[in-house]
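A.B. asks: Residue numbers for the sequence shown follow full-length UniProt numbering, so the first one is 1 and each next one is one higher.
If you scroll down you'll find the structure; I have some questions about it.
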Amino acid sequence: MSINMIVAIDESYAIGYKGNLIYRLKKDLKRFRELTSKNDYGLKNYILSGRNTYESLPKELPDRKMVVLSSNKNYKVNKNIIVEHSLDKVINHYLSGEQEKDLWIIGGEEIYKQSLDYVDKVYLTFISSKAKKADAYFPFLDMIKKFRIVDFEADKEDGIDFAYITFERKKSICV
């Protein structure tokens, strides 16, 4: 299967403020649930987030297996949640076998930066607006160098224009 990243950004590449999303569009949240939940085989996909992102979620995400990265070796959560302390360990474990589940990286800022080199596809919601306050950003300029657009769909909700853009890693050409 694949390693995917999913994110919603505004015009300044902002993703959050004080641990919360800057926008909560119903259509985008529905898309998030549909993409990250059970796969075509009916198996729960893996969701990878940082501790702050995990703690900002209103509840556990059904139909997904949650993996939380934390530098705090004493960090403990619900027994249904896997806590790891190394992104490399999570990625290597995922890649070590033949997977029938996707791995979805859902943030935050540091997890996006650290995992960009491992990702096959980025599912990005671009919101045509600029948040009044933001303190977390997506590494868009780093991503755009390594990925190409493979799908684009414009939409609107509550007067806000946005687009779903799917990026796929560029293939390197060896001569």
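Idealized CB from N, CA, C, for every residue including glycine.
(1) Judging by CA-CA distance, which residue of N78, A14, I47, T125 is the nearest neighbour of V90?
(2) According to DSSP, is N20 part of a helix, a strand, or is it coil?
(3) Roughly how many angstroms separate the alpha carbons of residue 177 and V67, rounded to a whole number?
(4) What residues are listed by DSSP as bridge partners for K89?
(5) In the DSSP assignment, the beta strand (DSSP E) including N133 goes from what residue to what residue?
(6) Grouping DSSP H, G and I as helix and E and B as strand, with all else coil, what is residue 230?
(7) Between Y17 and A136, what straight-line distance do the alpha-carbon atoms span, to the nearest angstrom?
(8) Taking the alpha-carbon positions, what's the K133 to Y23 distance?
(9) Does the Cβ of Y137 lie closer than 7 Å to at least one heavy atom of the ligand ATP?
(10) Examine the Cβ distances between the region 36-44 and the region 94-104 and report whether three or more of them are shorter than 8 Å.
(11) Is it buried or exposed, S115, if we count other Cβ atoms within 10 angstroms and call 16 or more buried?
(12) Does residue 184 pass the burial test, meaning 16 or more other C-beta atoms within 10 Å, or should it be called exposed?
(13) Below 8 Å, can you find three or more Cβ-Cβ pairs linking the region 119-132 to the region 66-85?
(14) Short of 7 Å in beta carbon distance, which residues of its chain neighbour Y13, apart from the five on each side in sequence? Order them along the chain.
(15) In terms of DSSP beta bridges, what is D155 paired with?
(16) Which residues does DSSP pair with N4 in a beta bridge?
C.D. replies: Walking through what the data contain:
(1) I47
(2) strand
(3) The question about residue 177 has no answer, for the chain in this structure spans 1 to 175.
(4) Answer is none; K89 lacks a bridge partner.
(5) According to the sequence provided, residue 133 is Lys. The question's Asn does not apply to it. No beta strand (DSSP E) holds K133; DSSP gives it neither H nor E.
(6) Outside the modelled stretch of the chain, which goes from 1 to 175, sits residue 230, for which no answer is possible.
(7) 6 Å
(8) 11 Å
(9) By its list of ligands, the structure shown contains no ligand whatsoever, and the ligand ATP lies outside what it can speak to.
(10) yes
(11) buried
(12) This structure cannot settle anything about residue 184, because the visible part of the chain is limited to 1 through 175.
(13) no
(14) Y137, F138, F140
(15) F162
(16) W104, K121
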